[in-house]
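Chemist: Mapping the sequence shown onto this note's numbering, position 184 (from 1) lands on 187, and the numbers just tick up by one.
This structure is in structure tokens; I'll ask about it shortly.
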Amino acid sequence: MLEQFVVQGGQPLKGSIAISGAKNAALKMACAALLTDDWLILDNTPVLSDMVIICQILEELGAEINWKDNQLSIRVKNLKTHRARYDLVRKMRASFVLLGPMLARFGRAEISLPGGCSLGVRPVDIHLNGLRAMGANIELEDGYVIATGQLHGAEIMLHCPSVTGTENLVMAATLAKGRTILHNVAKEPEIIDLCNCLIKMGAKISGHGTDTIIIDGVDNLQGTTHRIIPDRLETITYAIANILTHGHIYLTNTEAWCFDALTSCFPEVKIHHTDFGFLAEGPVMNTVNLTTAPYPGLATDLQAQMMVLATQIPGTSYITEAVFENRMMHVPELCRMGADITVEDIQGTNRATIHGGVPLSGAPVMATDLRASVSLVLAGLCAKGQTTISRIYHLDRGYHALDEKLNACGANIDRVKQEAA
Ligand code: EPZ
């Protein structure tokens, strides 16, 4: 049954919100469990629908899974099948990161091609060409990637710093014969956290967080216990909610570095570290001109949330989406709420011009991708009147109990069954 949020906006929020572990680190560490026959124990794991899906896939493959609060334990002693099914993989692209570790440990992997998504084509050439360079035989059959072979080290240049491409190749290289050197890799904090977890499992990795990662293959990896880093995307989402509602929301279970993207884009924002947690405060009066880019550039996953903030800054701001070809689906929905935003194609990237300082007013809107969805919640919180957000299943993928966390701070969000269309 589809659900929707009914948001009554306009009131300042106050209270505290505990930030969850990073979704985009946790998903890949779950896949890393394939690299060992021992227990991999992940603390601070976010309880999200995406995590449920990756665990479902792992269980079908033959993994033992134990959840205890936010501790996820996984053991893959052996496989029941080498095939990760399309109907599960298509729900969550990150499951394509099962490919590298499964191939490295078992010499065979059959992973459904993830297909495109609303953000764009989402190719996987970096993943497949990298594994070919490491000796894998890659066949495409009925929409599945069938990868076989014993992997050996290779020197590989990624044509763009793909996050999951980097993760698939790093994990594959941990058990390959010899040295693998990956150039032009992704440098996100979640990549560093994954590599730190792999090193605790016995992997020989250096250079993570720089442009070049070096991995010396070992014969096998052991289990370990690893605490997942805080989710910087969730941290900044709630920090923006606090600024937009002129509230007093203290964020706990997070760290100062998680606010870096916010304070570098909006230098007027002050982050107070108090005994109750981190408090992000405005006001924000200076317009911005932002462009998304691979880390350490502005995360594309923060673009929609920052656009809502820009709608409340008097004057003209610009936000350019330069990572994905179709990540402005929140714009028409924000315009329905009274935002004055136009989008133009500038040499293949989408640039939004935001005439800010216009108060938002509630309206029925539709969620699309995960981050666009949460931007509509942010808009609803600061809009006058009622906003109804449909297709909120996108939200549950990346934000644990978002309505409960915000309502505990005085928001007025009702999760209701979606009226029949
Ligand atoms: C990861 O996706 C994240 N997902 C995305 O977060 C995030 O938006 C993205 O990185 C960019 O930061 C997870 O970590 C689960 P990419 P990923 O491969 O790895 C091109 C969210 O909201 N490319 O870094 O799939 C591609 O076309 C999600 O949490 C190739 O050309 O993204 C794109 O333009 C949404 N060939 C660019 O790289 C490839 O083989 C970035 O894609 C792979 C990618």
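For glycine and all other residues, C-beta sits at the position ideal for the given N, C-alpha and C.
Just so you know, these numbers come straight off a predicted model, no measurement behind them.
Kindly provide the ranges of any beta strand (DSSP E) runs that are 3 or more residues long and lie completely inside the region 146-196, ordered along the chain.
Modeler: 147-151, 158-160 and 182-186
Chemist: Using the Cβ count rule (16 or more neighbours within 10 Å means buried), how would you classify S267?
Modeler: Here residue 267 corresponds to residue number 264 of the sequence shown, with the count starting at 1. S267 is exposed by the Cβ-count criterion.
Chemist: I'd like to confirm the pairing. Which residues does DSSP put opposite K71 in its beta bridges?
Modeler: Within the sequence shown, the letter at position 68 stands for residue 71. K71 is bridged to Q74.
Chemist: Whole angstroms is fine: what's the gap from G365's alpha carbon to T391's?
Modeler: Here the question's residue 365 lines up with position 362 in the sequence shown. Here the question's residue 391 lines up with position 388 in the sequence shown. If you take the alpha carbons of G365 and T391, they lie about 8 Å apart.
Chemist: Here's a check: name, in chain order, each residue in its chain whose Cβ is nearer than 6 Å to the Cβ of D343, leaving out the five neighbours to either side.
Modeler: Translated into the one-based positions of the sequence shown, residue 343 becomes position 340. Within the same chain, D343 has close Cβ partners H358 and V361.
Chemist: Do you know how far the Cα of K17 is from the Cα of K180?
Modeler: As a first step, residue 180 must be located in the sequence shown, where it is residue number 177. As a first step, residue 17 must be located in the sequence shown, where it is residue number 14. So the two alpha carbons sit approximately 54 Å from each other.
Chemist: For R135 and P297, what's the separation of their Cα atoms in angstroms?
Modeler: Within the sequence shown, the letter at position 132 stands for residue 135. Within the sequence shown, the letter at position 294 stands for residue 297. Their Cα atoms are separated by approximately 25 Å.
Chemist: Would you check if the distance between the CB atom of D53 and the CB atom of R400 is smaller than 8 Å?
Modeler: Within the sequence shown, residue 53 is the residue found at index 50, counting from 1. Within the sequence shown, residue 400 is the residue found at index 397, counting from 1. Their beta carbons are under 8 Å apart, which means D53 touches R400 by this criterion.
Chemist: Which class does Y253 belong to by DSSP, given the choice of helix, strand or coil?
Modeler: Along the sequence shown, read from residue 1 onward, the residue named residue 253 stands at position 250. Strand.
Chemist: Using three-state DSSP, classify D343 as helix, strand or coil.
Modeler: Residue mapping note: residue 343 aligns to position 340 of the sequence shown, counting from 1. Three-state DSSP puts D343 in a strand.
Chemist: What runs of the alpha helix (DSSP H), each 4 residues or longer, lie entirely inside the region 289-320?
Modeler: 306-314
Chemist: R230 to D72, Cα distance in whole Å?
Modeler: On the sequence shown, residue 230 is found 227 positions in, with the first residue counted as 1. On the sequence shown, residue 72 is found 69 positions in, with the first residue counted as 1. Distance between the alpha carbons of R230 and D72: 13 Å.
Chemist: Does at least one heavy atom of the ligand ATP sit under 7 Å from the Cβ of I129?
Modeler: Among the ligands modelled here, namely the ligand EPZ, the ligand ATP does not occur.
Chemist: Unbroken beta strand (DSSP E) runs of length 3 or more, entirely within the region 217-256: which are they?
Modeler: 227-230 and 251-255
Chemist: Can you list, in chain order, the residues of its chain with a C-beta nearer than 6 Å to that of C200? Leave out the 5 residues immediately preceding and following it.
Modeler: Residue mapping note: residue 200 aligns to position 197 of the sequence shown, counting from 1. If we look at C200 and ignore the five residues flanking it on each side, its Cβ neighbours are M32 and H229.
Chemist: Note down, in chain order, each residue of its chain lying with its Cβ closer than 8 Å to the Cβ of D372, except the 5 sequence neighbours on either side.
Modeler: Here residue 372 refers to the residue found at position 369 when the sequence shown is read from its first residue. The answer, listed in chain order, is C120, S121, L122, R330, M332 and H397.
Chemist: What does DSSP give as the partner residues of T356 in its beta bridges?
Modeler: By 1-based counting over the sequence shown, the position of residue 356 is 353. Answer is Y321 and T345, bridged to T356.
Chemist: Compare the C-alpha of R394 against each of A386, K420 and G383 and name the closest.
Modeler: Residue 394 sits at position 391 when you count from the first residue of the sequence shown. Answer by Cα proximity: K420.
Chemist: Do G103 and A175 have their C-beta atoms closer together than 8 Å?
Modeler: The sequence position of residue 103 within the sequence shown is 100, counting from 1. The sequence position of residue 175 within the sequence shown is 172, counting from 1. Against a cut-off of 8 Å, the Cβ pair of A175 and G103 comes out as a contact.
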